[in-house]
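In what follows, a structure is listed as structure tokens, so that the remarks can point back to it.
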Amino acid sequence: MGRSLVHAVAHWLRRMSPAALLFAPVLLAQNNDEKVKEKGAPSKIIQVTVYPDTALVTREVTLPPEKGFYELVVTPLPPTVVVDSLYGEGSDGIRVLATRYRSRAVESDTRKEVRDLNDQEEKILLENLRLASEAKTIESNTSFLTKMEAFVSASTTHATEKGKLDSKEITKLTEYVMDLRRAQNKQSHENTVQQQENAKKLAFLKLKKSEIATGSNRTEREAVLVVERTEAGKGNARLSYLVDAASWKPQYRLRSGTEAKAATKMEYLAGISQQTGEDWKGVKLVLSNAQPMLNAAPPDLKALAVAVTSVPAVPNPPGMAGPGARGTAGATQAMPVPGQNAPQLSGANGIFNRDNLKKALEGRAEQLEVANPAGAQSIDELEQGARALRFKAQNDFNKNSPDTGNTSIWNYAGALDQARELILSSEEKSQGKPIATSGDGPTITYRLEGETTISSRNDEQVLEVARFDLPSEIYYKALPVLTPNVYRQASMVNSSNFVLLPGVATMYHRGDFVGRMRLPLVAVGQTFVAGFGAEPQIQVQRNLMDKAKATQGGNQVLKYDYRILVSSYLKEKARLQVWDRLPLAEGETVSVTLGKSSPELSSDALYLREDRPKNLLRWDLELEPGQYGEKALKVDYDFKMELDKKMTISSFSSK
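This is the structure in structure tokens:
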């Protein structure tokens, strides 16, 4: 009957207009006896890729072995699932035709751990009801005892007056009343104590429920996969989805060797935060520093419009020697200093740009402008703003947000980058610094060996990614102008196969904890330096030995003599870097010249190229065992400053 009806409908449709054929699938589906019925499908999480702020979960969904069409229901999904991120994948002989998400309300929380806590809470509440009922009974009995006591007292008085007092009966009755009173008081006390204990248990259960992932969940979340098995067999389908409330960050433990050139042992760790609401049991774990991208096409590039205006006059800041002067340099400038890392946050352009950035992060990026950031915003601030915008735009793509068709957020992020390049980066280039790019470094993926289990809970869980030895060389570094402490450092080469991502490292020297530091991004084969705490056996002193002032023509000449004294109480030889600095003038109005130095400054090529132009001084010293007291090593140097005798130093700052 069903099939003949289908053929009749098909014959009727052939006589209809082409437009009416659009309804053919609907009519055929409604009249087909072989409807695809929903079927619950067992599934297991087999792989999780954890990103810096989210995770991609992959489940293996078991299919019936017979050929045919199936509508499989995968449940439950965690409450943190990103709804529009679901997608299905088939395998040999299996096609995933559609994947959709749905949710439905349920009477109680769907998670087992929450249901267990609810059951415990319900038992305690029932116990409290019983205790409350007993309290009413005790109160009623107490009232009855009070009446009985009054009766006994009246009976005793009456019997005494009549001379018929039976002392034994009165004593027996009195003891009976007292025993009842004692028993009821004891029971009342026990009930009160039990109620207090129950109150503590309820508070603890409430706290535990609040700590489990994202709290109460009275919604069942499901994925529905429409699947066709074209060949009978054991193949399965896969369901993948993004979840929030998951992240990871690299951590390190470094343990220095006992010898100066002994290898440093490094433990590469991953601190994982997992509060998604589902446990990852026996999964293949992948760690990535990338942001997941589910968009197949790039955003559209719009034109960059530039508007110009007249340059306003810049008033003299307080303390300046002349118009537009900065510090002792006295240089005249028509605009605020670009690229300065201490931005004038009160500048109108800076406020305007921050307001627009806030609008863009809220998704309102149409027709937003970037005002000239010179003197109002720093390079770092613009970079962070552009990075935040790109992060939001990519998240919108991943979540299939309705705003993803609007590429204004991407273009506004690009405008911030180009404002930095065209306006602020000129200062960096003039100082010989490389102009920063908008890239966030390399994309790294680590696949952990074996299977891993990570529960959904509040506290961070630490896993070991790898451990290896790094060739290193210990030396010491002293900066007496900043601190009297001398620090132990190790120059290491990343000889592993792992790129070291930026992260906090916990440092140990000879088994003792010495502190923490932040490691930078270190490529494979790259040399980097790590600190291993202060060394009390090496001491430094910095003293101003002499200061003189003279006049030479129209200039004043200031001369300074310094001595740095180094004492070593170590029992072995040691390499020491001693650092100091001279004033750095930003113009030709002040001349700073290094005079004699004993010993000579370091000849290291990197130091001469990067640090010496900044008037930073470095001496490379070899310390002998027991070099202290009269044997202490001396570093002597002098320098002079020349400036117009009508001028004076107005300020100092570190850059």
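Each step along the sequence shown adds one to the number in this note's numbering, with nothing skipped, and position 145 is 720. Glycine residues also receive a C-beta, built at the ideal position from the N, C-alpha and C atoms. These numbers come from a predicted model, not from an experiment.
Secondary structure of residue i, DSSP reduced to three states
| i | result |
| --- | --- |
| T717 | helix |
| E1035 | coil |
| G668 | coil |
| A909 | In this predicted model, A909 has a pLDDT of only 34, less than 50, meaning its place in the structure is not dependable; the value taken from the coordinates is given anyway. If DSSP states are grouped into helix, strand and coil, A909 belongs with coil. |
| N811 | coil |
| T1020 | strand |
| P1111 | coil |
| S742 | helix |
| T731 | helix |
| R965 | helix |
| Q826 | strand |
| F1227 | coil |
| A774 | helix |
| K711 | helix |
| Q959 | helix |
| G1128 | coil |
| L1054 | coil |
| R1042 | strand |
| G1204 | helix |
| T1164 | coil |
| G989 | helix |
| A994 | helix |
| Y1212 | strand |
| Q1101 | coil |
| T805 | coil |
C-beta contact flag for residue i and residue j at 7 Å
| i | j | result |
| --- | --- | --- |
| A961 | I984 | no |
| A807 | E702 | no |
| A994 | V945 | yes |
| Y1062 | S1142 | no |
| V649 | Y676 | no |
| W823 | V623 | no |
| G846 | D667 | no |
| D1213 | D1136 | yes |
| Q1064 | G1106 | yes |
| V1167 | L1157 | yes |
| K840 | D1044 | yes |
| A1207 | L1133 | no |
| R796 | P617 | no |
| L631 | L800 | no |
| Y626 | P867 | yes |
| A1231 | V671 | An answer regarding residue 1231 cannot be provided, because it is not within the stretch 576 to 1230 covered by the chain. |
| Q826 | G1086 | no |
| N973 | S660 | yes |
| V752 | E772 | no |
| K614 | E635 | no |
| A865 | P1046 | no |
| E696 | L782 | no |
Between the CA atoms of residue j and residue i - distance to the nearest angstrom
| i | j | result |
| --- | --- | --- |
| T1102 | G663 | 44 Å |
| Q1131 | L1094 | 46 Å |
| D819 | E1035 | 15 Å |
| T1050 | R1150 | Looking at the sequence itself, residue 1050 is Tyr, so the reference to Thr does not match. Using only the alpha carbons, I get a separation of about 5 Å. |
| V689 | R1032 | 13 Å |
| D930 | E956 | 13 Å |
| M1092 | T1058 | 17 Å |
| E803 | G643 | 6 Å |
| E1048 | I1113 | 18 Å |
| N766 | A710 | 8 Å |
| A988 | L1198 | 53 Å |
| S1226 | L1076 | 39 Å |
Cβ shell of residue i (< 8 Å), same chain only, five flanking positions each side left out
| i | result |
| --- | --- |
| Q759 | I713, N716, T717 and L720 |
| D1186 | R1193 |
| T655 | A788, T789, V818, D819, A820, A821, Q850, T851 and G852 |
| P1200 | S1143, L1145, K1146, E1147 and K1148 |
| Q769 | E702 and L706 |
| G1100 | V1068, N1069 and S1070 |
Residues near residue i in its chain [Cβ-Cβ closer than 6 Å; skip 5 each side]
| i | result |
| --- | --- |
| E842 | R828 and R1042 |
| T749 | none |
| T982 | P874 and D875 |
| E1026 | G857 |
| A990 | V945 |
| M1120 | D1136 and R1138 |
| D1211 | R1138 and S1173 |
Proximal residues to residue i (C-beta, below 7 Å), its chain only, five neighbours per side dropped
| i | result |
| --- | --- |
| N1060 | A1109 |
| K1220 | T1126, G1129, N1130 and Q1131 |
Worksheet item: Between the segment 1159-1171 and the segment 1057-1072, do three or more beta carbon pairs fall short of 8 Å?
Response: Under the three-pair Cβ rule at 8 Å, the segment 1159-1171 does not count as touching the segment 1057-1072.
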